[in-house]
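Numbering (the working numbering), first residue to last: 65 to 151. C-beta atoms are modelled at their ideal positions from N, C-alpha and C, and glycine is treated no differently.
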Amino acid sequence: MRYTQTTLKKIEDVFDELDYTVRYEKGSFQSGYCLVESRRVAVVNKFFDIEARINTLLDILSKLEYDPAVLSEGAREQMEKWKRSGE
């Protein structure tokens, strides 16, 4: 996987399709992120570089329960690609 701004944007778009908001803020996160389920917000440490942001968001996506049918075909294909690259 390439750790670029474009990849980060694609991941953020998947969160958008799942009705989650991604925010980058400072805070004392033990894991580098905070997931507010009731508000569907993922807060990521704003001091992370692009690679850490991508890895953190992919980690969050792997833990979320969602119906793949809500994603566009392109997003589903991208998710499968990311899953394969993480194995």
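Pick from the options that is closest to residue i, judged by C-alpha positions
i, options, result
"Val105", "Val86, Ala139, Leu128, Lys73", "Val86"
"Phe93", "Lys145, Lys110, Leu128, Ala139", "Lys110"
"Tyr130", "Thr120, Asp113, Ile118, Met143", "Met143"
"Gln69", "Ile114, Trp146, Leu128", "Ile114"
"Lys147", "Ser126, Val134, Ala133", "Ser126"
"Lys145", "Leu128, Leu122, Val134", "Leu122"
"Ser95", "Asn119, Leu72, Phe79", "Asn119"
"Phe112", "Arg66, Gly91, Ser102, Arg103", "Gly91"
Cβ-Cβ separation, residue j to residue i (assumed contact under 8 angstroms), whole Å
i, j, result
"Tyr176", "Ile124", "In the structure as shown, the chain starts at 65 and stops at 151, and residue 176 therefore has no counterpart that could be examined."
Proximity below 8 angstroms, CB of residue i to CB of residue j
i, j, result
"Glu81", "Ser136", "yes"
"Ala116", "Asp77", "no"
"Val18", "Glu89", "This structure cannot settle anything about residue 18, because the visible part of the chain is limited to 65 through 151."
Opposing strand residues paired with residue i [DSSP bridges]
i, result
"Val100", "Val105"
"Val78", "Answer is none; Val78 lacks a bridge partner."
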